[in-house]
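Down below is the structure, laid out as structure tokens.
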Amino acid sequence: MSARSKARKRALDVLFESEVRGLPVGGTLPDRIEDNDPPVNEFTVALVEGVAKNIGAIDDLLSAHSVGWSLDRMPAVDRNILRIGAYEMLYDDQVPDVVAVSEAVAMARDLSTDESPAFVNGLLARLLQLKPTLGI
Numbered sequence: 001m002s003a004r005s006k007a008r009k010r011a012l013d014v015l016f017e018s019e020v021r022g023l024p025v026g027g028t029l030p031d032r033i034e035d036n037d038p039p040v041n042e043f044t045v046a047l048v049e050g051v052a053k054n055i056g057a058i059d060d061l062l063s064a065h066s067v068g069w070s071l072d073r074m075p076a077v078d079r080n081i082l083r084i085g086a087y088e089m090l091y092d093d094q095v096p097d098v099v100a101v102s103e104a105v106a107m108a109r110d111l112s113t114d115e116s117p118a119f120v121n122g123l124l125a126r127l128l129q130l131k132p133t134l135g136i
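Under the UniProt record's numbering, think of the first position of the sequence shown as 1, with each following residue one higher.
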């Protein structure tokens, strides 16, 4: 697993933990940085902070384009994988869009249900189609 893939997984851990504990998006990041076990690298911090900064727009897009699933009905793991993937596609110019989608699908394959990779791929692919019209 590449260093960036590990950083994405770590960002997912932070986002998931924050949600489970009822904290704001990324609310556990300061604790994870302080604990540093496992270490939290700069890319992880950038992902968590980027998702937190843009959570309203990201969640609105995911909700608007998810067919048959409201955001709160999605498994928490899928919801947070989608948030990371959408953030990378829409707000991080250093990550190619196809890499953002591929990494999100890989996390879903490794960490969620059998149906999750196809769902994550489909929703992020839809956002990728709409990206030129979103004005982001």
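Note that beta-carbon positions come from the ideal geometry of N, C-alpha and C, so glycine has one too. Bear in mind the structure is a predicted one, so any value in this text is a computation, not a measurement.
Between E49 and G26, the alpha-carbon positions lie close to 7 Å from each other. Its Cα nearest to that of E17, the residue V77 stands out among N41, V77, H65 and N36. Taking F43 as reference, the option from D60, K53, K9 and D37 with the minimal CA-CA separation is K9. C-alpha of R73 to C-alpha of L124: approximately 17 Å in a straight line. With contacts defined as CB atoms closer than 7 Å, L47 and L62 fail to qualify as a contacting pair. Across the structure, W69 and F119 are spaced so that their CA atoms are roughly 10 Å apart.
Here P117 is buried, its C-beta having at least 16 other C-beta atoms within 10 Å. About 13 Å separates the beta carbons of Y87 and V45, which is beyond the 8 Å limit, so they are not a contact pair.
Looking from the CA of K53, the closest CA among L130, P24, T113 and E34 belongs to P24. The shortest CA-to-CA distance from G122 to any of Y91, P132 and H65 is the one to H65.
For P132, the uninterrupted alpha helix (DSSP H) run begins and ends at S116 to L134, by DSSP.
DSSP places S2 in the coil class of the three-state scheme, outside both helix and strand.
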